[in-house]
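Numbering (the working numbering), first residue to last: 49 to 248. Just so it is clear, CB atoms sit at the ideal spot from N, CA and C, and this is done for glycine as well. Notes for the one structure printed next.
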């Protein structure tokens, strides 16, 4: 009975620490997003690309895609602004555990950490590469890669705020794709940098 009570106390304390820890991360990231419209632009683009895909006429698809050019430029600029803004935060505040679950304050005592600031730089570079179409993709291919870039950025933000498992679940629930599929669909620039970041 004493063991059961002790385990219950540990579980309650861990849950409280986890919630406080995640709330702090959400607040920190939210403070950097507050003056940006990045989330709204990302939602506009992901919904817009789906709308274009469902257009039966190819010329109409291209016409719809073309209307999102200003939003694409804005999302690239704001991702860069977010990455730059986060650089002023400490390594402790921006560490991401490589464990799939949330381990509160792991960055204070574990070495298996990655830097969210560096990850945001990777996303900003990848989005700029896709928006500027440096690879010379056709409009539909470009929209496909841009969607993947946005999904991966969204995944990274959820990973930072919650955990990798939570980010994986949200990605699957919202977009019906998993992280492996998204990573295979981003540009080679993002893919190579992301894999290097994962390896540390």
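**Minimum C-alpha distance to residue 131 - residue among 144, 173 and 146** = As a first step, residue 131 is located in the chain shown; it is residue number 83 there, counting from the start. Minimum Cα distance to residue 131 is reached at 173.
**Request:** For residue 244, count neighbouring C-beta atoms within 10 Å of its own C-beta (all shown protein chains included) and say buried if the count is 16 or more, exposed if not.
**Result:** In the chain shown, the residue the question calls residue 244 occupies position 196. When all chains shown are included, residue 244 counts as exposed.
**Item:** Beta-carbon proximity list for residue 121, same chain, < 7 Å, skipping 5 on both sides
**Value:** By one-based count along the chain shown, residue 121 stands at place 73. 179.
**Request:** Sort out for me which residues DSSP pairs residue 144 with in a bridge.
**Result:** Here residue 144 is taken as the residue at index 96 of the chain shown, counted from 1. Its beta-bridge partners are 162.
**Prompt:** residue 144: buried (16+ other C-beta within 10 angstroms of its C-beta) or exposed?
**Reply:** On the chain shown, position 96 is the one that residue 144 refers to. In summary, residue 144 is buried, with 16 or more beta-carbon neighbours lying within 10 Å of its beta-carbon over all protein chains present.
**Message:** Let me confirm a value: residue 193 is counted as buried when at least 16 other C-beta atoms fall within 10 Å, else exposed. Which label applies?
**Reply:** For the purposes of this step, residue 193 is taken as the residue at position 145 of the chain shown. Buried, by the Cβ-count rule.
**Prompt:** With a CB to CB cut of under 8 Å and the five nearest residues on each side skipped, what residues in its chain are close to residue 206?
**Reply:** Indexing the chain shown from 1 puts residue 206 at position 158. Within the same chain, residue 206 has close Cβ partners 214, 215, 218 and 219.
**Item:** Element boundaries [alpha helix (DSSP H), containing residue 96]
**Value:** As a working mapping, residue 96 is identified with position 48 in the chain shown. Here the alpha helix (DSSP H) through residue 96 covers 86-101.
**Asked** How about residue 94 and residue 198: are their beta carbons less than 8 Å apart?
**Response** Position 46 of the chain shown, counting from 1, holds the residue named residue 94. Position 150 of the chain shown, counting from 1, holds the residue named residue 198. Contact flag set, yes.
**Asked** How would you call residue 71, buried or exposed, if buried means at least 16 neighbouring beta carbons within 10 angstroms?
**Response** In the chain shown, residue 71 corresponds to position 23, counting from 1. An exposed status is given to residue 71, since fewer than 16 other beta-carbon atoms sit within 10 Å of its beta-carbon.
**Asked** Going by C-alpha distance, which of 210, 167, 195 and 107 is nearest residue 229?
**Response** On the chain shown, residue 229 is found 181 positions in, with the first residue counted as 1. With distances taken between Cα atoms, residue 229 lies closest to 195.
**Asked** Candidates 136, 113, 89 and 65: which alpha carbon is nearest residue 79's?
**Response** For the purposes of this step, residue 79 is taken as the residue at position 31 of the chain shown. Nearest in C-alpha terms to residue 79, of all of 136, 113, 89 and 65, is 136.
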